[in-house]
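Notes follow the structure.
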Amino acid sequence: MTSQEKKAYILLKCVIFHYHGLDEDEKKILKETADALNAHQELEWANEFIGEDYYNAFERARDVLKPTMLLLEKPKRLEYLSKVWNANMIKGYISEMEAMAMIKLAKDWDIEAELIESIKK
Numbered sequence: 279m280t281s282q283e284k285k286a287y288i289l290l291k292c293v294i295f296h297y298h299g300l301d302e303d304e305k306k307i308l309k310e311t312a313d314a315l316n317a318h319q320e321l322e323w324a325n326e327f328i329g330e331d332y333y334n335a336f337e338r339a340r341d342v343l344k345p346t347m348l349l350l351e352k353p354k355r356l357e358y359l360s361k362v363w364n365a366n367m368i369k370g371y372i373s374e375m376e377a378m379a380m381i382k383l384a385k386d387w388d389i390e391a392e393l394i395e396s397i398k399k
């Protein structure tokens, strides 16, 4: 995973987890992700990015993420989005708003059908 990919993946995970406010389970998952990827600076950056304009963070993140993700092959884009979907399952649920946010991102990244198919499995 390149530095730019790491930054994008952490932002993706953060913005979805922040969708309803960050709870303790989500904080733990984000910390574990940062530990596993040696991405503590990226996590700090993503949290600051979200904190700059919390209410518009998702739309701003869409603008930031799209160019990076479109440089990647479709399977890699799907992998990152699926990892975030699965991380939500670890906490026990995915809200309708979080699911719709991930589907919007999948549409931005031209992997909507692939994400929906992977969710069905």
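Each residue of the sequence shown is one higher than the one before, starting from 279 at the first, in our numbering.
By construction, the Cβ of each residue, glycine as well, lies at the ideal position given by its N, Cα and C atoms.
Residue from the options whose Cα sits closest to the Cα of residue i
| i | options | result |
| --- | --- | --- |
| M375 | I294, L289 and E390 | I294 |
| C292 | S396, T280, E326 and E357 | E326 |
| L348 | A379, E395, W387 and A314 | W387 |
| A317 | A339, T280, E330 and L343 | T280 |
| E337 | L393, E310, M380 and E395 | M380 |
| Q401 | P345, A377, E390 and M367 | Nothing can be reported for residue 401: it is not among the residues displayed for the chain, which extend from 279 to 399. |
| G299 | E320, A365, G329 and K361 | G329 |
| Q319 | A339, Y333, Y287 and I389 | Y287 |
For residue j and residue i, believed in contact at Cβ under 8 angstroms, the rounded distance
| i | j | result |
| --- | --- | --- |
| K382 | I307 | 21 angstroms between Cβ atoms; not a contact. |
| W323 | K284 | Actually they do not touch by this definition, with Cβ atoms about 10 angstroms apart. |
| L393 | L356 | 6 angstroms |
| L321 | A314 | The pair is not a contact, with the Cβ atoms about 11 angstroms apart (cut-off 8 angstroms). |
Check: residue i C-beta below 8 angstroms from any heavy atom of the ligand GDP
| i | result |
| --- | --- |
| N325 | Of the ligands one can find in the structure shown there are none, so the ligand GDP has no counterpart to examine. |
Cβ neighbour criterion (16 or more within 10 Å) applied to residue i
| i | result |
| --- | --- |
| Y358 | buried |
| E304 | buried |
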